[in-house]
Ligand SMILES: Nc1nc2c(ncn2[C@@H]2O[C@H](COP(=O)(O)OP(=O)(O)OP(=O)(O)O)[C@@H](O)[C@H]2O)c(=O)[nH]1
Ligand SMILES: [Mg+2]
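In my numbering, the protein residues as written are 32 to 497.
Written as structure tokens, this is what we have:
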């Protein structure tokens with residue numbers, strides 16, 4: 032990511048595409064101020080808005096709007112930046128682009144402003160990821176998590192871990208650089224051991240919280256499965272609040288996977304409606320649909336098995352000796368080939384408007400819900416339980432490792448630290464090398480792998496010049 036010695040001045044629309052009351056354009060680079068002055072005359076003081084005309088080279092008016100100047104490094108990119116708030120029209124944008132090009136700016140590549148912010152040290156790698164996540168966020172939990180990362184939550188944690196490793200390394204490495212002073216004192220090595228242990232256990236707890244952080248970022252997958260005609264598509268439509276999937280009384284209506292994105296309690300949920308599973312189908316399309324259903328079901332974080340009580344009672348139930356009524360046995364239906372295993376799976380006994388499910392069916396068990404998608408009975412209780420299950424997947428205090436890249440770095444660091452731990456008593460000098468590798472691994476989180484830090488820390492804390 033090397034930049035040319037003198038960066039070019041770039042521009043782009045910073046606001047969304049299309050017509051709008053206001054569109055924001057950003058110009059960044061060493062010539063940003065002179066280009067803006069050529070179009071609008073004297074600029075206002077930095078960070079103050081002023082209404083200005085924007086003119087082509089010929090003097091013809093392009094538009095009138097607000098102009099804001101940010102003097103580098105106190106800007107998003109760290110360079111001189113000028114922002115224009117103009118009328119959001121394609122014609123204004125085209126004329127502005129032409130004028131800027133004539134004055135020597137070029138249109139920015141994707142992510143180029145952020146890349147410059149990174150190069151100029153305004154944001155580190157983790158903060159850049161936070162910014163990207165914030166721009167992508169659809170739900171409140173995603174937004175809050177991304178905002179935290181953009182604000183340096185992960186970066187601070189990573190820096191803190193590295194600082195602790197530096198403090199462990201410094202006395203060990205001092206010995207390598209200055210061997211005349213004798214080996215690493217046993218006391219130094221003895222102190223390092225428990226410090227490494229403490230950090231390893233902290234990193235491990237962050238690692239287990241990473242699943243939640245990633246569930247917030249990526250969303251949770253919920254698959255609705257069950258026999259044909261059980262009411263799966265009806266449930267999806269009710270959850271989505273719109274007719275997304277075709278519902279019909281013909282078994283086998285849904286052939287392909289239908290995905291709907293929902294916000295449940297601030298968590299992003301990908302809800303999948305699937306093809307009903309049944310034996311003995313000879314329809315090639317239906318067979319392919321069922322194959323996809325199994326894949327989605329296996330992949331989902333939460334499965335919702337729908338059972339048509341009015342039908343399955345007779346298939347998977349028994350008859351009461353006293354009254355001769357059919358008695359529903361949900362366990363039997365649940366085990367009928369759907370592979371429900373997870374503790375987060377639900378069973379919905381649907382169509383209770385046609386066949387009331389007795390209390391004995393175990394509806395109080397928490398995972399089993401009687402429902403009529405048609406009348407809406409039982410829906411709210413199920414939705415509340417599903418929302419709790421979904422938000423539980425994202426609930427955690429220590430959620431800072433939001434991407435696989437972070438967990439990988441931490442995994443490497445833990446591995447190196449465990450190796451260091453084994454060596455620390457016998458060969459502290461060698462252990463220092465592993466601690467250094469752990470530091471390096473953690474340095475990848477923020478993109479700062481600076482070995483010079485180590486020497487700096489040594490000189491700072493050991494008064495070597497004496
Ligand atoms: N009486 C009653 N009928 C229902 C209920 N829920 C769904 N149905 C009806 O059951 C039939 C099947 O519903 P769907 O939602 O298409 O079922 P599905 O599970 O998606 O079926 P496939 O796509 O074929 O696997 C439709 O005629 C629905 O109107 C309910 O709670 N009560
Ligand atoms: Mg369906």
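For every residue, glycine included, the Cβ atom is placed at its ideal position computed from N, Cα and C.
If you're wondering where the values come from, they're calculated on a predicted model, not measured in any experiment.
TODO: Alpha carbon to alpha carbon, how far is residue 97 from residue 83? Give it in angstroms, no decimals.
DONE: If you take the alpha carbons of residue 83 and residue 97, they lie about 6 Å apart.
Open item on the list: If contacts are defined as beta-carbon pairs under 8 Å, then residue 315 and residue 302 qualify, I think. What distance do you get, rounded to the angstrom?
Closed with: That belief does not hold up - the Cβ atoms of residue 315 and residue 302 are roughly 27 Å apart, past 8 Å.
- [ ] Could you tell me which uninterrupted beta strand (DSSP E) segments, each at least 3 residues in length, are contained entirely in the region 246-322, listed from first to last along the chain?
- [x] Listed in chain order, they are 251-257, 289-295 and 298-304.
Open item on the list: Between the alpha carbons of residue 398 and residue 470, how many angstroms are there, rounded?
Closed with: Cα to Cα, the separation comes out at about 45 Å.
Open item on the list: Does residue 395 come out as helix, strand or coil in the three-state DSSP assignment?
Closed with: Only weak support exists for where residue 395 lies, its pLDDT of 49 falling under 50; the value from the coordinates is given anyway. Residue state, collapsed to three classes: helix.
- [ ] Specify the secondary structure class of residue 476 as computed by DSSP and reduced to three states.
- [x] Note: residue 476 maps to helix in three-state DSSP.
Open item on the list: For a test of your reading of the model: does the CB of residue 382 fall under 6 Å from any non-hydrogen atom of ligand 2? Yes or no.
Closed with: For ligand 2, not one heavy atom lies less than 6 Å from the Cβ of residue 382.
Open item on the list: Please return the same chain residues whose Cβ sits closer than 7 Å to the Cβ of residue 259, not counting the five positions on each side in sequence.
Closed with: Within the same chain, residue 259 has close Cβ partners 282, 283, 307 and 309.
- [ ] Tell me whether residue 395 is buried or exposed, calling it buried when 16 or more other Cβ atoms sit within 10 Å of its Cβ.
- [x] Only weak support exists for where residue 395 lies, its pLDDT of 49 falling under 50; the value from the coordinates is given anyway. By the C-beta density criterion, residue 395 is exposed, having fewer than 16 other C-beta atoms within 10 angstroms.
TODO: State yes or no: is the C-beta of residue 264 nearer than 6 Å to some heavy atom of ligand 1?
DONE: Residue side-chain check: residue 264 places its Cβ nearer than 6 Å to a non-hydrogen atom of ligand 1.
TODO: My understanding is that residue 254 touches residue 328, with C-beta atoms under 8 Å, so please give their C-beta distance in whole angstroms.
DONE: The pair is a contact, with the Cβ atoms about 5 Å apart (cut-off 8 Å).
Task: Beta-carbon proximity check, residue 298 vs residue 421, cutoff 7 Å - done: Yes, they are a contact pair.
- [ ] Spell out the partners DSSP gives residue 137 in its beta bridges.
- [x] Its beta-bridge partners are 41.
- [ ] Could you tell me whether any non-hydrogen atom of ligand 1 is closer than 6 Å to the CB of residue 385?
- [x] Under cutoff, so the answer is yes.
Open item on the list: Going by DSSP in three states, residue 57 sits in which element: helix, strand or coil?
Closed with: The three-state secondary structure of residue 57, taken from DSSP, is strand.
TODO: Would you kindly check if the distance between the Cβ of residue 203 and the Cβ of residue 463 is under 7 Å?
DONE: Yes.
Task: Reference residue 120; option with closest CA among 102, 137 and 95 - done: The residue among 102, 137 and 95 with its C-alpha nearest the C-alpha of residue 120 is 95.
Open item on the list: According to DSSP, simplified to helix, strand and coil, what is residue 179?
Closed with: When DSSP states are grouped into helix, strand and coil, residue 179 belongs to the helix group.
TODO: Report yes if the C-beta distance between residue 341 and residue 385 is below 7 Å; otherwise report no.
DONE: The Cβ atoms of residue 341 and residue 385 lie closer than 7 Å to each other.
Task: Segment limits, alpha helix (DSSP H) that includes residue 374 - done: Run containing residue 374: none; DSSP gives neither H nor E here.
Task: Terminal residues of the alpha helix (DSSP H) in which residue 449 lies - done: Unbroken alpha helix (DSSP H) run through residue 449: 435-454.
- [ ] Indicate whether residue 43 and residue 139 have their beta-carbon atoms separated by less than 7 Å.
- [x] The answer is yes: Cβ separation under 7 Å.
Task: Residues near residue 159 in its chain [Cβ-Cβ closer than 6 Å; skip 5 each side] - done: Cβ within range, chain order: 145 and 149.
- [ ] Report the rounded CA-to-CA distance for residue 419 versus residue 296, giving the unit in angstroms.
- [x] Cα atoms of residue 419 and residue 296: separation of roughly 8 Å, rounded to the nearest angstrom.
Open item on the list: Within 8 Å, do at least three Cβ pairs link the region 65-75 to the region 159-176?
Closed with: The region 159-176 is not in contact with the region 65-75.
TODO: Quick one: residues in its chain with C-beta nearer than 7 Å to the C-beta of residue 450, no 5 flanking neighbours on either side, listed in chain order?
DONE: Answer for residue 450: 465, listed in chain order.
TODO: Please list, in chain order, all residues of the same chain as residue 123 whose beta carbon is under 7 Å from its beta carbon, the five residues on each side excluded.
DONE: These residues qualify, in order along the chain: 93, 94 and 117.
Open item on the list: Does the distance between the C-beta of residue 284 and the nearest non-hydrogen atom of ligand 3 fall short of 6 Å?
Closed with: Inclusion of ligand 3 in the displayed structure is not the case, the ligand content consisting of ligand 1 and ligand 2 alone.
Task: Whole-angstrom distance between residue 224 and residue 230, CA atom to CA atom - done: The C-alpha of residue 230 lies about 10 Å from the C-alpha of residue 224.
TODO: Give the secondary structure of residue 80 by DSSP, where H, G and I count as helix, E and B as strand, and everything else as coil.
DONE: Judged by DSSP in its simplified three-state form, residue 80 adopts coil rather than helix or strand.
TODO: May I have the straight-line CA-CA distance separating residue 74 from residue 276, to the nearest angstrom?
DONE: The alpha-carbon atoms of residue 74 and residue 276 are separated by roughly 56 Å.
Task: Residue from 320, 248, 290 and 435 with nearest C-alpha to residue 170 - done: Comparing Cα-Cα distances from residue 170 to each of 320, 248, 290 and 435, the minimum goes to 248.
Open item on the list: For residue 69 and residue 129, what's the separation of their Cα atoms in angstroms?
Closed with: Taking the straight line joining both Cα atoms gives about 14 Å.
Open item on the list: For ligand 1, is there any heavy atom lying closer than 6 Å to the beta carbon of residue 272?
Closed with: Result no, Cβ not under 6 Å from ligand 1.
Open item on the list: Starting from residue 99, trace the beta strand (DSSP E) in both directions and tell me its first and last residue.
Closed with: Going by DSSP, residue 99 is part of the beta strand (DSSP E) stretching over 92-101.
Open item on the list: Contact criterion: CB-CB distance below 7 Å. Does residue 64 meet it with respect to chain D?
Closed with: The displayed structure is made up of one protein chain only, and chain D is not part of it.
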